[in-house]
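In the numbering used here, the protein residues as written are 833 to 1031.
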(Lines of atoms letter the chains of each structure in order from A and count residues from 1; the text may use other names and numbers.)
(Lines give C-alpha, C1' and ligand atoms only; values in the text may rest on other atoms or scores of the structure.)
Protein backbone atom coordinates (compact mmCIF):
# COMPACT_ATOMS: atom_id res chain seq x y z
CA UNK A 1 0.00 0.00 0.00
CA UNK A 2 1.28 3.44 -0.86
CA UNK A 3 0.58 6.20 1.64
CA UNK A 4 0.08 9.59 -0.02
CA UNK A 5 -0.16 12.94 1.79
CA UNK A 6 -2.95 14.35 -0.35
CA UNK A 7 -6.45 15.37 0.66
CA UNK A 8 -9.17 12.76 0.62
CA UNK A 9 -10.56 12.56 -2.88
CA UNK A 10 -7.23 13.54 -4.46
CA UNK A 11 -5.21 10.37 -3.96
CA UNK A 12 -3.29 11.04 -7.16
CA UNK A 13 -2.29 14.56 -6.18
CA UNK A 14 -2.90 17.57 -8.35
CA UNK A 15 -5.93 17.45 -10.66
CA UNK A 16 -5.22 17.61 -14.39
CA UNK A 17 -1.53 16.77 -14.00
CA UNK A 18 -1.21 13.37 -15.71
CA UNK A 19 2.60 13.29 -15.58
CA UNK A 20 2.60 13.68 -11.80
CA UNK A 21 -0.31 11.26 -11.42
CA UNK A 22 1.54 8.64 -13.47
CA UNK A 23 4.52 9.02 -11.13
CA UNK A 24 2.24 8.13 -8.20
CA UNK A 25 0.77 5.17 -10.09
CA UNK A 26 4.27 3.90 -10.98
CA UNK A 27 5.28 4.09 -7.32
CA UNK A 28 2.13 2.14 -6.41
CA UNK A 29 2.69 -0.60 -8.97
CA UNK A 30 6.37 -0.86 -8.02
CA UNK A 31 5.17 -2.19 -4.66
CA UNK A 32 4.02 -5.36 -6.45
CA UNK A 33 7.66 -6.18 -7.21
CA UNK A 34 8.58 -6.39 -3.52
CA UNK A 35 9.62 -9.85 -2.34
CA UNK A 36 7.98 -9.62 1.07
CA UNK A 37 4.70 -8.22 2.21
CA UNK A 38 2.50 -6.72 3.30
CA UNK A 39 4.15 -3.54 2.11
CA UNK A 40 3.43 -0.05 3.32
CA UNK A 41 5.49 2.68 1.74
CA UNK A 42 5.23 6.44 1.82
CA UNK A 43 5.16 8.58 -1.33
CA UNK A 44 7.30 11.65 -0.73
CA UNK A 45 6.08 14.37 -3.06
CA UNK A 46 7.95 17.47 -4.05
CA UNK A 47 4.92 19.55 -3.14
CA UNK A 48 3.10 20.02 0.14
CA UNK A 49 -0.54 18.97 0.23
CA UNK A 50 -3.06 21.78 0.26
CA UNK A 51 -5.21 22.20 3.31
CA UNK A 52 -8.76 23.00 2.35
CA UNK A 53 -11.60 24.53 4.28
CA UNK A 54 -14.61 22.68 5.60
CA UNK A 55 -18.02 24.30 5.54
CA UNK A 56 -17.94 25.08 9.23
CA UNK A 57 -14.55 26.77 8.91
CA UNK A 58 -15.53 29.35 6.31
CA UNK A 59 -17.35 32.61 6.99
CA UNK A 60 -20.40 32.95 4.77
CA UNK A 61 -20.49 35.90 2.42
CA UNK A 62 -23.60 37.40 0.93
CA UNK A 63 -22.00 37.31 -2.49
CA UNK A 64 -23.83 34.39 -4.08
CA UNK A 65 -25.36 35.41 -7.39
CA UNK A 66 -28.72 33.95 -6.35
CA UNK A 67 -30.13 32.68 -3.07
CA UNK A 68 -32.17 29.82 -4.59
CA UNK A 69 -30.04 26.65 -4.94
CA UNK A 70 -32.20 25.32 -7.81
CA UNK A 71 -31.72 28.50 -9.80
CA UNK A 72 -28.02 28.51 -8.98
CA UNK A 73 -27.64 24.94 -10.28
CA UNK A 74 -29.16 26.00 -13.59
CA UNK A 75 -26.69 28.90 -13.80
CA UNK A 76 -23.74 26.53 -13.22
CA UNK A 77 -24.93 23.96 -15.81
CA UNK A 78 -23.19 25.46 -18.89
CA UNK A 79 -19.84 25.41 -17.06
CA UNK A 80 -20.40 21.85 -15.84
CA UNK A 81 -21.38 20.60 -19.31
CA UNK A 82 -18.29 22.24 -20.83
CA UNK A 83 -16.15 20.58 -18.15
CA UNK A 84 -17.57 17.16 -19.05
CA UNK A 85 -17.07 17.82 -22.76
CA UNK A 86 -13.49 19.04 -22.19
CA UNK A 87 -12.75 15.88 -20.16
CA UNK A 88 -14.12 13.41 -22.71
CA UNK A 89 -17.28 12.67 -20.73
CA UNK A 90 -15.51 12.03 -17.42
CA UNK A 91 -17.20 13.37 -14.31
CA UNK A 92 -17.34 12.59 -10.61
CA UNK A 93 -21.12 13.17 -10.68
CA UNK A 94 -23.22 10.03 -10.54
CA UNK A 95 -23.14 8.41 -7.08
CA UNK A 96 -26.81 9.19 -6.44
CA UNK A 97 -27.80 7.85 -9.90
CA UNK A 98 -29.80 11.07 -10.38
CA UNK A 99 -29.04 12.94 -13.60
CA UNK A 100 -27.62 16.42 -13.13
CA UNK A 101 -30.54 17.71 -15.20
CA UNK A 102 -32.83 16.50 -12.38
CA UNK A 103 -30.89 18.06 -9.51
CA UNK A 104 -33.80 20.45 -8.92
CA UNK A 105 -35.69 17.44 -7.46
CA UNK A 106 -32.73 16.63 -5.25
CA UNK A 107 -32.68 20.23 -3.99
CA UNK A 108 -36.43 20.11 -3.34
CA UNK A 109 -36.06 16.89 -1.33
CA UNK A 110 -33.09 18.22 0.70
CA UNK A 111 -34.94 21.46 1.49
CA UNK A 112 -38.01 19.47 2.58
CA UNK A 113 -35.84 17.14 4.66
CA UNK A 114 -34.26 20.12 6.42
CA UNK A 115 -37.74 21.47 7.19
CA UNK A 116 -39.02 18.04 8.34
CA UNK A 117 -41.63 18.21 5.57
CA UNK A 118 -40.40 15.14 3.71
CA UNK A 119 -38.24 12.40 5.22
CA UNK A 120 -38.08 10.27 2.05
CA UNK A 121 -38.58 10.78 -1.66
CA UNK A 122 -39.79 8.82 -4.68
CA UNK A 123 -36.57 9.70 -6.55
CA UNK A 124 -34.47 7.63 -4.09
CA UNK A 125 -33.29 4.35 -5.63
CA UNK A 126 -34.38 1.33 -3.56
CA UNK A 127 -30.81 0.13 -3.05
CA UNK A 128 -29.96 3.21 -0.96
CA UNK A 129 -31.15 4.03 2.53
CA UNK A 130 -32.42 7.58 2.96
CA UNK A 131 -29.25 8.55 4.82
CA UNK A 132 -26.93 7.20 2.16
CA UNK A 133 -29.03 8.67 -0.65
CA UNK A 134 -28.67 12.08 0.99
CA UNK A 135 -24.90 11.55 1.26
CA UNK A 136 -24.60 10.55 -2.40
CA UNK A 137 -26.73 13.50 -3.48
CA UNK A 138 -24.49 15.88 -1.54
CA UNK A 139 -21.38 14.28 -3.05
CA UNK A 140 -22.90 14.72 -6.51
CA UNK A 141 -23.79 18.36 -5.85
CA UNK A 142 -20.27 19.11 -4.62
CA UNK A 143 -18.71 17.36 -7.63
CA UNK A 144 -21.04 19.27 -9.97
CA UNK A 145 -20.07 22.59 -8.41
CA UNK A 146 -16.34 21.85 -8.25
CA UNK A 147 -16.22 20.68 -11.87
CA UNK A 148 -18.24 23.65 -13.11
CA UNK A 149 -15.96 26.05 -11.24
CA UNK A 150 -12.79 24.29 -12.43
CA UNK A 151 -13.97 24.88 -16.00
CA UNK A 152 -14.89 28.49 -15.29
CA UNK A 153 -11.66 29.27 -13.43
CA UNK A 154 -9.06 26.53 -14.02
CA UNK A 155 -6.35 28.28 -11.99
CA UNK A 156 -8.18 28.00 -8.66
CA UNK A 157 -6.49 25.86 -6.03
CA UNK A 158 -8.36 23.16 -4.11
CA UNK A 159 -8.46 25.50 -1.13
CA UNK A 160 -10.00 28.28 -3.21
CA UNK A 161 -12.59 25.88 -4.66
CA UNK A 162 -13.70 24.84 -1.18
CA UNK A 163 -13.80 28.41 0.09
CA UNK A 164 -15.88 29.43 -2.93
CA UNK A 165 -18.37 26.58 -2.41
CA UNK A 166 -18.86 27.14 1.31
CA UNK A 167 -18.66 30.93 1.43
CA UNK A 168 -20.29 32.06 -1.79
CA UNK A 169 -22.88 29.57 -3.04
CA UNK A 170 -26.48 28.88 -2.16
CA UNK A 171 -25.84 25.13 -2.41
CA UNK A 172 -22.96 25.42 0.08
CA UNK A 173 -25.34 27.11 2.51
CA UNK A 174 -27.98 24.42 1.89
CA UNK A 175 -25.47 21.63 2.60
CA UNK A 176 -24.37 23.24 5.87
CA UNK A 177 -28.01 23.56 7.00
CA UNK A 178 -28.57 19.93 5.97
CA UNK A 179 -25.57 18.75 8.03
CA UNK A 180 -26.89 20.59 11.08
CA UNK A 181 -30.36 19.06 10.62
CA UNK A 182 -28.92 15.55 10.18
CA UNK A 183 -26.80 15.81 13.34
CA UNK A 184 -29.99 16.41 15.35
CA UNK A 185 -31.95 13.53 13.77
CA UNK A 186 -33.29 10.68 15.92
CA UNK A 187 -32.08 8.10 13.38
CA UNK A 188 -28.55 6.94 14.21
CA UNK A 189 -27.72 6.21 10.56
CA UNK A 190 -28.70 9.75 9.56
CA UNK A 191 -26.56 11.14 12.39
CA UNK A 192 -23.59 8.99 11.37
CA UNK A 193 -23.83 9.99 7.70
CA UNK A 194 -24.00 13.66 8.71
CA UNK A 195 -20.33 13.44 9.66
CA UNK A 196 -18.38 14.76 6.72
CA UNK A 197 -21.33 16.07 4.70
CA UNK A 198 -20.06 19.67 4.85
CA UNK A 199 -16.40 18.99 4.00
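Beta carbons: idealized from backbone N, C-alpha and C, even for Gly.
Check                                                                                                 : Outcome
Reduced DSSP category for residue 972 - H, G, I as helix; E, B as strand; rest coil                   : helix
Rounded straight-line distance, which links the Cα of residue 837 to that of residue 853              : 13 Å
Nearest-angstrom beta carbon gap, residue 1003 and residue 901 [assumed within contact, 8 Å]          : 5 Å
Reduced DSSP secondary structure (H/G/I, E/B, other) of residue 844                                   : coil
Paired residues, beta bridge with residue 874 - DSSP                                                  : 835
Alpha carbon of residue 912 to alpha carbon of residue 1016, nearest angstrom                         : 33 Å
Beta-carbon gap between residue 976 and residue 932 smaller than 9 Å                                  : yes
Backbone CA spacing between residue 1026 and residue 1005 [nearest angstrom]                          : 15 Å
Enclosing alpha helix (DSSP H) for residue 858 [first to last residue]                                : 850 to 862
Per-residue burial, residue 876 [other beta carbons within 10 Å of its own, 16 or more giving buried] : exposed
DSSP state of residue 958 mapped onto helix, strand, coil                                             : coil
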